[in-house]
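See below for the structure under consideration.
There are 2 protein chains.
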Amino acid sequence: MKYQIRLSGSGGQGLILGSILLSEAASKEGKNVLQSQAYGPASRGGSSRADVIIADEEIYYPSAESLELLLCLTQEAADKYITLLKSDGILIFDSSNVKINPIKAETIAIPFTQIAIDKLKTSLVTNIIAIAFIATLTELISLKELKKAIKNNIKEKFIDLDIKAAELGVKLAKDYKNGKVIKT
Amino acid sequence: MKYQIRLSGSGGQGLILGSILLSEAASKEGKNVLQSQAYGPASRGGSSRADVIIADEEIYYPSAESLELLLCLTQEAADKYITLLKSDGILIFDSSNVKINPIKAETIAIPFTQIAIDKLKTSLVTNIIAIAFIATLTELISLKELKKAIKNNIKEKFIDLDIKAAELGVKLAKDYKNGKVIKT
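Protein chains in written order, with my numbering: chain A, 5 to 188; chain B, 5 to 188.
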């Protein structure tokens, strides 16, 4: 098993933090994880991305860019990275901000930003809702380990809010799996 | 310019955090950075490592494992990674814990853990002293940007301590460059 996930969006959307939470939680589930991200002028102002590779065996290098799962929170990120998704992969995008032309891969539209604002009164937790959605959808990471990773990595004053966001993301993924239409 | 740094030691020594601080600060210095780390059972209990690649151009992949700079905080990490260092690279090791046989690369012995305990009463800031040492030694990152990265990423109650640790690491690097023998 080797599962390559890319979280993409713009700088400031907390995707690096999101990837660290996923990585730490996945490792506690007994998986090997290689996590990487680009920083710097080349990414500034434009699209930002953080990668998480989860595998049963030890991972030495990222393999060729061929993603099992791509999360896109902005149109620019979607336009930049969508061609890296495997044809049997999963595309998850924030339908509050992004429009996608039909592709062969499974395509999941969730209005993450709008849900964050409607349910938790802030778009700042969009990243946490999205990674909790991914954790549950892929069945790679439990809510229990995700909560622990949040407690380990988030500033104390935001922990309660982020745990609520994680619970919301898990619920959305369960609803999606059960065939419910997800609206804001 | 492409500069590959590996921070190695054991889990719990804060090397991932250290690599994130270096990466964020380097990007603010106008560099492109690719930062990566392994998590999971394969690294648990044994050696842990986090990589920072700093370059003028955008970095797409880690290149073959050939390091310009290797930091080793434990013997196990030194034994595991020392062969990856370029012959004209720099090895920095914690002489509180590690013994190194002579190698061709520039070899810098600093008793980071002992200095942390003697000067700041806790070994928990060994990682911060070491990354500040690297930042100044390589002249890639200023203390100013390192402090900003600490403020952005560290829990509030530890910020003052970590800034002192960074200042100490910078001083040690300046002393080293000026030819002073560094003892605890």
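Every residue gets a Cβ at the ideal spot worked out from N, C-alpha and C, and that includes glycine.
For A/GLY13, which residues does DSSP report across the bridge?
Answer by DSSP bridge pairing, in chain order: A/SER52.
Whole angstroms is fine: what's the gap from A/GLU62's alpha carbon to A/THR87's?
Linking A/GLU62 to A/THR87 through their CA atoms gives a straight-line distance of about 27 Å.
Give the straight-line distance between the Cα atoms of B/SER70 and A/LEU128, rounded to the nearest whole angstrom.
One C-alpha to the other measures close to 39 Å.
Given B/LEU73 as reference, the closest of B/ALA134, B/SER100, B/GLU33 and B/ILE119 once Cα atoms are compared:
Answer by Cα proximity: B/ALA134.
Output yes or no for whether 7 Å exceeds the beta carbon distance between A/GLY13 and A/LEU77.
Yes, the pair counts as a contact, with Cβ atoms nearer than the cut-off.
Can you check whether the C-beta of B/LYS35 is within less than 7 Å of a C-beta belonging to chain A?
Chain A contact via Cβ: present.
Hey, how far is the Cα of A/LYS123 from the Cα of B/ASN101?
Cα to Cα, the separation comes out at about 51 Å.
Opposite A/GLU110 in the DSSP bridges: which residues?
BP columns for A/GLU110 point to A/ILE94.
Tell me which residue opens and which closes the alpha helix (DSSP H) that B/SER27 is part of.
That run of the alpha helix (DSSP H) goes 19–32.
Proximal residues to B/ILE9 (C-beta, below 6 Å), its chain only, five neighbours per side dropped:
Apart from sequence neighbours up to five positions away, the residues of its chain that approach B/ILE9 with a beta-carbon distance below 6 Å are VAL56 and LEU73, ordered along the chain.
Interface positions of the segment 119–145 of chain A facing chain B (Cβ-Cβ less than 8 Å), listed along the chain:
Those would be none; no residue qualifies.
C-beta contact flag for A/ILE132 and A/ALA170 at 7 Å
Taking 7 Å as the Cβ cut-off, A/ILE132 and A/ALA170 qualify as a contacting pair.
Partners in chain A for B/GLU28, counting only beta-carbon separations shorter than 8 Å:
Chain A residues near B/GLU28: TYR43.
To which residues of the same chain is B/MET5 closer than 7 Å at the C-beta, ignoring the five residues directly before and after it?
Once the five neighbours on either side are set aside, the close Cβ partners of B/MET5 are ALA59 and ASP60.
Which residue or residues does DSSP assign as beta-bridge partners of A/TYR7?
Under DSSP, A/TYR7 takes part in a beta bridge, and its partners are A/ILE58.
For A/LYS159, return the contacting residues in chain B, with the cut-off set at a CB-CB distance below 8 Å.
In chain order, LYS159 and GLU160 make up the part of chain B whose C-beta sits under 8 Å from the C-beta of A/LYS159.
What three-state label does DSSP hand B/ASN156 in the structure shown?
It is helical.
Look at the alpha carbon of A/VAL185 and the alpha carbon of A/LEU141, and state the distance between them as a whole number of angstroms.
So the two alpha carbons sit approximately 15 Å from each other.
Bridge partner(s) assigned by DSSP for B/SER70:
In DSSP, B/SER70 forms no bridge with anything.
Residues within the segment 6–27 of chain A neighbouring chain B, beta-carbon criterion of under 9 Å
Residues passing the 9 Å Cβ filter: ILE20, ILE24 and SER27.
Going by DSSP, what residue range makes up the beta strand (DSSP E) through A/ASN36?
Boundaries of the beta strand (DSSP E) around A/ASN36: 36–43.
Could you list which residues in chain D have their beta carbon closer than 9 Å to that of A/ILE167, in chain order?
Annotation note: the requested chain D is absent from the structure, which comprises protein chains A and B.
Helix or strand or just coil, what does DSSP make of B/LEU172?
The answer is helix: DSSP assigns B/LEU172 an H, G or I state.
Measure the alpha-carbon distance for A/LEU172 versus A/ALA136 and round it to whole angstroms.
When rounded, the distance between both Cα atoms is 8 Å.
What residue range is occupied by the uninterrupted alpha helix (DSSP H) comprising B/GLU80?
It spans 79–85 - the alpha helix (DSSP H) in which B/GLU80 sits, taken as one unbroken run.
Is DSSP giving A/LEU150 helix, strand or coil here?
DSSP places A/LEU150 in helix when its eight states are reduced to three.
Do B/LEU11 and B/LEU19 come within 7 Å of each other at the CB atom, strictly closer than that value?
A contact, by the Cβ cut-off of 7 Å.
Would you list the residues sitting across from A/LEU75 in a DSSP beta bridge?
A/LEU75 pairs with A/LEU11 and A/ILE96.
A/SER40 and B/SER40 closer than 7 Å at C-beta:
Yes, they are a contact pair.
Measuring straight from C-alpha to C-alpha, what distance separates B/ALA91 and B/LYS103?
According to the sequence provided, residue 91 of chain B is Ser. The question's Ala does not apply to it. Cα-Cα distance, rounded: 19 Å.
Would you mind stating whether B/ILE112 and B/ILE96 have Cβ atoms separated by less than 7 Å?
With respect to B/ILE96, B/ILE112 sits close: the two C-beta atoms are nearer than 7 Å.
Tell me which same chain residues have a C-beta within less than 8 Å of the C-beta of A/GLU33, skipping the five on either side of it?
The residues are LEU144, ILE145, SER146 and GLU149.
Own chain residues within Cβ distance below 7 Å of A/ALA153, not counting five before or after
Close CB contacts of A/ALA153 within its chain, under the 7 Å cut and outside five residues either way in sequence, are with LEU25, GLU28 and ALA29 (chain order).
Taking C-alpha atoms, which residue in B/TYR7, B/GLN17 and B/ILE114 lies nearest to B/LYS35?
For B/LYS35, the nearest C-alpha among the options comes from B/TYR7.
Which of helix, strand or coil DSSP assigns to A/LEU89:
Strand at A/LEU89.
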